[in-house]
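Q: Quick one: structure below, then a few questions.
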Amino acid sequence: MKPADQEIIDDYFRRERVRKLHIGCGGNILKGWLNSDYNSVHSDVIFLDATKPFPFNNDEFDYLFSEHVIEHFDFAKGFAMLLECHRILKPGGKLRISTPDLLFLIDLHRAEKSELQKEYIKWSTDNFIKAAPYYAETFVINNFVRDWGHTFIYDENVLRYSLTSAGFEEIIKCDVNESLYSELKGLENDDRMPSAFLRLESLVLEAAKPRQLRS
Numbered sequence: 002m003k004p005a006d007q008e009i010i011d012d013y014f015r016r017e018r019v020r021k022l023h024i025g026c027g028g029n030i031l032k033g034w035l036n037s038d039y040n041s042v043h044s045d046v047i048f049l050d051a052t053k054p055f056p057f058n059n060d061e062f063d064y065l066f067s068e069h070v071i072e073h074f075d076f077a078k079g080f081a082m083l084l085e086c087h088r089i090l091k092p093g094g095k096l097r098i099s100t101p102d103l104l105f106l107i108d109l110h111r112a113e114k115s116e117l118q119k120e121y122i123k124w125s126t127d128n129f130i131k132a133a134p135y136y137a138e139t140f141v142i143n144n145f146v147r148d149w150g151h152t153f154i155y156d157e158n159v160l161r162y163s164l165t166s167a168g169f170e171e172i173i174k175c176d177v178n179e180s181l182y183s184e185l186k187g188l189e190n191d192d193r194m195p196s197a198f199l200r201l202e203s204l205v206l207e208a209a210k211p212r213q214l215r216s
């Protein structure tokens, strides 16, 4: 840990009674959160390699949030990240994890498509698949699972399995930017793509660290 990062952490812990860690923030800097990323140009964002042990003690955070990060790791490294999330959460603490949904890609290949899906295919092709000879979901799906460093795309069952295996409970599915908890509402960066596309892409689950250790 660099001294500058430790200073940011120490200052955050002094200021904030409710401690919240944002894992892989990118350009989505959240107020009231300790923002972290592997690559960042922001001076108030700490370095964090989410595939390695986190530089925090056990039971330090009330809330954790990660948006479109875990799909950049293979399954084993993603599970290691969830284990670290469980470790640093306080008993009863909450994790919100948002990631591309495999079902979204499967649904793109169905014969009957919504207008939103058609718009998504056109937008994705125009912006990311210059070599595609025409608009077709096959090009979009192939690009999606390979581009942006994507490594493993989860469906709900596998992500639930990973969370449960890492020790989490009370797993619930949420809409983008919606939550039962005020601290976890409005966190996803909905401005980084046209309206409704992030909701179309994303699977969002919230989970709790048990308040008591299981016997």
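Residue numbers for the sequence shown, in the numbering used here: 2 to 216.
Backbone N, C-alpha and C define an ideal beta-carbon position, used for all residues, glycine too.
Taking a contact to mean a Cβ-Cβ separation below 8 Å, would you say K1 touches D127 in this structure?
A: Here the chain has residues from 2 to 216 only, and residue 1 is not among them.
Q: Using 8 Å as the Cβ pair cut-off and three pairs as the minimum, do the region 76-95 and the region 111-129 touch?
A: no
Q: The ligand GDP and V19: does the residue's C-beta get closer than 7 Å to at least one heavy atom of that ligand?
A: Of the ligands one can find in the structure shown there are none, so the ligand GDP has no counterpart to examine.
Q: If D220 and D156 are in contact, beta carbons under 8 Å, what's the gap, nearest whole angstrom?
A: The requested residue 220 does not occur in the structure, where the chain is confined to residues 2 to 216.
Q: Inspect the beta-carbon positions of S203 and V177 and report whether they are closer than 8 Å.
A: As a first step, residue 203 must be located in the sequence shown, where it is residue number 202. As a first step, residue 177 must be located in the sequence shown, where it is residue number 176. Yes, the pair counts as a contact, with Cβ atoms nearer than the cut-off.
Q: Relative to the alpha-carbon of R147, which residue among V159, L106, R200 and F169 has its alpha-carbon at the smallest distance?
A: Working through the sequence shown from its first residue, we reach residue 147 at position 146. Nearest option by C-alpha distance: L106.
Q: Taking DSSP as the reference, what is the three-state secondary structure of E68?
A: Residue 68 sits at position 67 when you count from the first residue of the sequence shown. The answer is strand: DSSP assigns E68 an E or B state.
Q: Quick check: the Cα distance between L185 and P4, rounded to an integer number of angstroms?
A: Residue mapping note: residue 185 aligns to position 184 of the sequence shown, counting from 1. Residue mapping note: residue 4 aligns to position 3 of the sequence shown, counting from 1. If you take the alpha carbons of L185 and P4, they lie about 29 Å apart.
Q: Quick check: the Cα distance between L1 and P54, rounded to an integer number of angstroms?
A: In the structure as shown, the chain begins at 2 and stops at 216. Residue 1 is therefore absent and cannot be evaluated.
Q: Could you pull the start and end residues of the beta strand (DSSP E) that D38 belongs to?
A: As a working note, residue 38 is residue 37 in the sequence shown. Segment L35 to D38, the beta strand (DSSP E) holding D38.
Q: Thinking C-alpha only, which one of E8, E207, T100 and E61 is nearest E85?
A: Residue 85 sits at position 84 when you count from the first residue of the sequence shown. Cα-wise, what sits closest to E85 is E61.
Q: Under a three-way DSSP split, which group does T139 fall into?
A: Here residue 139 refers to the residue found at position 138 of the sequence shown. The answer is helix: DSSP assigns T139 an H, G or I state.
Q: Are at least three pairs of beta-carbons, each pair with one atom in the region 70-80 and one in the region 152-166, less than 8 Å apart?
A: The region 70-80 is in contact with the region 152-166.
Q: Going straight from the alpha carbon of S183 to that of A132, what length do you get?
A: Residue mapping note: residue 183 aligns to position 182 of the sequence shown, counting from 1. Residue mapping note: residue 132 aligns to position 131 of the sequence shown, counting from 1. Cα to Cα, the separation comes out at about 44 Å.
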